[in-house]
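Have a look at the structure below, then the notes.
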Amino acid sequence: MATIGFIGLGNMGAPMAANLVKAGHQVTGFDLVSKAVAALAAKGGRAATSAAEPAGAGDIVITMLPAGPQVRSVYLDEGGLLANARRDALLIDCSTIDVETARAVAAAAKEAGFDMLDAPVSGGVAGAEAASLTFMVGGEAEVFARAQPILAAMGRTIVHAGPAGNGQAAKICNNMILGISMIAVCEAFSLAERLGLKAQTLFDISSKSSGQCWALTSYCPVPGPVPASPANRDYAPGFTASMMLKDLRLAQQAAGATATVTPLGAAAANFYQLFVDEGAGGLDFSGIYRLIRKPQSKI
Ligand code: NAD
């Protein structure tokens, strides 16, 4: 059993912390929202009233926060992790944030004498609840080995992606593929409709042809062909368009910083921005099909 501090008990952090409790670990949790802390305590965790408390309480401290600024603040502020964690504690940030912040915080942690990993996840809230997340991990190999049994209580696939920041790099590269391919699939279904080709027929052909991809076969944006996809429940998420926009923006930020040419990544980011600006940020990201089919449909 490990003692674990957990900071950020939101949609993802709450079920992840609950799975650590289920696995027999002693988990002390903190969130700015006191209801979230109470919910963890009701499941057998311990409630903390500041970030310093779980920081000092854990062999391992895990953070699951919204974005880079919150991660910087929780790690680097006076009352934060680097100032309050035990020197032998292992720090794991599971938030999805920009590569630059991930590397800067990891460098500050190293300088202060800590082992740290960036370990963003994919699999969404359902994966967090089922302890079937995929972890993409950046940091030193020995530190990765130390973290593996803990991550295994929250996820099924745990991949070492290389040095600090590479977990975030893997996450945004993967989601850039997904954002672009979802739009491509939506455009194909829209064109098929106008050409008088049934959605099911296109699906039957493309799912066995060179157009095959995850956005088509697992997450089909058109109702019907894949019964479990969000298209069949009015695009209830799933993975929201706002989250996809966040990840596409992070990819664009990284592309800018490295002078990488990503015209389709840029177009996908702009397209999701338009969708979110029209008030659809809370819909599943596959709902962008509605924007592509405009003006026939309303978002
Ligand atoms: P969320 O907004 O539900 O949870 C974030 C939590 O952090 C909130 O409860 C908030 O109160 C807390 N918080 C913010 N600042 C804090 C601080 N200074 N101290 C303590 N707590 C603080 O977000 P989420 O959906 O749980 O996502 C968390 C991270 O995981 C994000 O980076 C997101 O991009 C990533 N992610 C989310 C999903 C998903 O499907 N929700 C999937 C993969 C990755």
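Going by the working numbering, the final residue of the sequence shown carries number 383, and the count climbs one at a time with no gaps. Cβ atoms here follow ideal geometry from the backbone N, Cα and C, with glycine treated the same way. Predicted model only: the values in this text are computed from it and were never measured.
8 Å contact criterion, which residue i and residue j should meet: CB distance rounded
| i | j | result |
| --- | --- | --- |
| Ala352 | Gly263 | 4 Å |
| Cys304 | Ile376 | Not a contact, Cβ separation roughly 14 Å. |
| Asp368 | Gly322 | 4 Å |
| Pro204 | Gly251 | 5 Å |
| Ile88 | Gly142 | 5 Å |
| Ala276 | Gly295 | Actually they do not touch by this definition, with Cβ atoms about 11 Å apart. |
| Phe355 | Ile234 | With a Cβ gap of about 38 Å, Phe355 and Ile234 do not count as contacting. |
Residues of its chain near residue i, where Cβ-Cβ distance is below 7 Å and the 5 sequence neighbours each way are ignored
| i | result |
| --- | --- |
| Gly308 | Ala283, Gln284 |
| Lys292 | none |
Same chain only: Cβ atoms within 8 Å of residue i, ignoring 5 sequence neighbours per side
| i | result |
| --- | --- |
| Met200 | Leu174, Leu175, Ile176, Asp177, Val189, Ala190, Ala193, Lys194, Gly223, Val227, Ala248 |
| Asp331 | Thr180, Lys255, Ile256, Asn259, Met260, Gly263 |
| Thr324 | Gly365, Gly366, Leu367, Asp368, Phe369 |
Beta-bridge partners of residue i, as assigned by DSSP
| i | result |
| --- | --- |
| Phe228 | None; Phe228 has no bridge partner. |
| Arg130 | Thr112 |
| Asp368 | Thr324 |
| Thr54 | A question about residue 54 goes unanswered here, because the residues of the chain that appear run from 85 up to 383. |
| Leu217 | Gly239 |
DSSP state of residue i mapped onto helix, strand, coil
| i | result |
| --- | --- |
| Arg171 | coil |
| Ser179 | coil |
| Asp143 | coil |
| Val158 | helix |
| Ser206 | strand |
| Val306 | coil |
| Asp318 | coil |
| Met238 | coil |
| Thr87 | strand |
| Met200 | strand |
| Thr344 | coil |
| Gly251 | helix |
Same chain, Cβ closer than 6 Å to residue i, five either side skipped, listed in chain order
| i | result |
| --- | --- |
| Ser265 | Cys297, Ala299 |
| Gly211 | Leu217 |
| Leu334 | Asp182, Ile256 |
| His244 | Val221, Phe228 |
Any chain C beta carbon closer than 8 Å to residue i
| i | result |
| --- | --- |
| Gly366 | Among the chains in the structure shown there is no chain C, since it carries only a single protein chain. |
Open item on the list: What ranges does the alpha helix (DSSP H) occupy inside the region 256-296, keeping only unbroken runs of at least 4 residues that lie completely in it?
Closed with: Taking 4 residues as the minimum length, the alpha helix (DSSP H) runs contained wholly in the region 256-296 are 283-290, in order along the chain.
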